[in-house]
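The numbering of the sequence shown is UniProt numbering, which starts it at 1 and goes up by one.
No residue lacks a Cβ here, since even glycine has one placed at the ideal position from N, Cα and C.
All remarks here apply to the structure that follows.
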Amino acid sequence: MINQLVEWVKPFFTLLEQAVGDWGLAVILFTLLVRLCLIPLSIRQSNFAVKQFLFSQHVAKLKEKWQGNQQKMTVEMTKVMSEKSFNPFSMLSTVILQTPIFMTIFALFHHLGPTAHSVFIPWVASIGLPDPYFIFPIVTAILCGLLSKVALIPDDMMTTTASNPMSFYIMVGFSLFILWSAPVAISLYYGTSSLWGAIERRLLRSRVRKLISQEQQQ
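See the structure below:
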């Protein structure tokens with residue numbers, strides 16, 4: 001399946017590279033086009049964030065009300081999930097959709113190897129090769145960790161701090177695991193996609209705030 005996707009994507013990537021004259025810039029443009037196509041999914045994700053936030057508020061009230069009665073609290077939580085149409089696995093749709101795209105880019109640039117030249121990372125001969133000094137994977141991983149702190153829920157609506165200090169280190173560690181020995185093009189795609197995601201979440205915050213306020217007034 002991935003090989004078939006590579007065959008479909010390669011001509012498009014080649015056209016992008018010929019148009020802009022740089023494989024690195026082609027990766028950035030491709031990433032932006034992919035994220036542009038995924039905007040409807042991002043809006044759906046913001047709807048899920050609202051449901052998750054409201055559900056967490058209900059859970060907090062249930063824990064306070066049924067403290068010491070785990071069985072009753074579980075029954076009430078299940079009832080709330082059904083009433084609010086809350087599915088905790090809804091967020092997986094974004095990951096599932098982006099995984100084959102990520103794997104396709106990985107396979108494509110692994111195949112291109114030393115031929116994918118770019119001026120974006122001057123110390124690397126080709127973005128189809130790993131960074132010999134691991135500079136770009138480390139910088140990208142730290143950037144992704146920082147950007148992951150940009151949440152959809154406005155800070156002033158959170159009753160507790162939304163940012164878990166460990167989440168930064170988990171994100172950095174996970175990113176390093178993926179990017180460490182991968183072609184530099186993967187770090188470029190991963191970092192660009194994360195930056196887009198952070199900007200997108202900031203822009204969607206006003207919509208999320210409005211939806212939460214409407215639900216709380218009902």
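Heavy atom of the ligand FAD within 6 angstroms of residue i beta-carbon
i: W180; result: No copy of the ligand FAD occurs in the structure displayed, which carries no ligand at all.
Reduced DSSP secondary structure (H/G/I, E/B, other) of residue i
i: Q67; result: coil
i: L15; result: helix
i: V50; result: helix
i: H117; result: coil
i: M1; result: coil
i: W8; result: helix
i: L97; result: helix
i: D131; result: coil
i: L41; result: helix
Boundaries of the alpha helix (DSSP H) in which residue i is found, first to last residue
i: W123; result: From DSSP, W123 is part of no alpha helix (DSSP H); its letter is neither H nor E.
i: I135; result: 135-147
i: W23; result: 23-37
i: S206; result: 184-217
i: P165; result: 165-179
Proximity of residue i and residue j at Cβ, strictly below 7 angstroms
i: L211; j: V59; result: no
i: V172; j: A151; result: no
i: W196; j: P137; result: no
i: T115; j: V9; result: no
i: A26; j: F12; result: no
i: V208; j: D131; result: no
Spatial neighbours of residue i in its chain, beta-carbon cut-off 6 angstroms, leaving aside the 5 residues before and after
i: F106; result: I186
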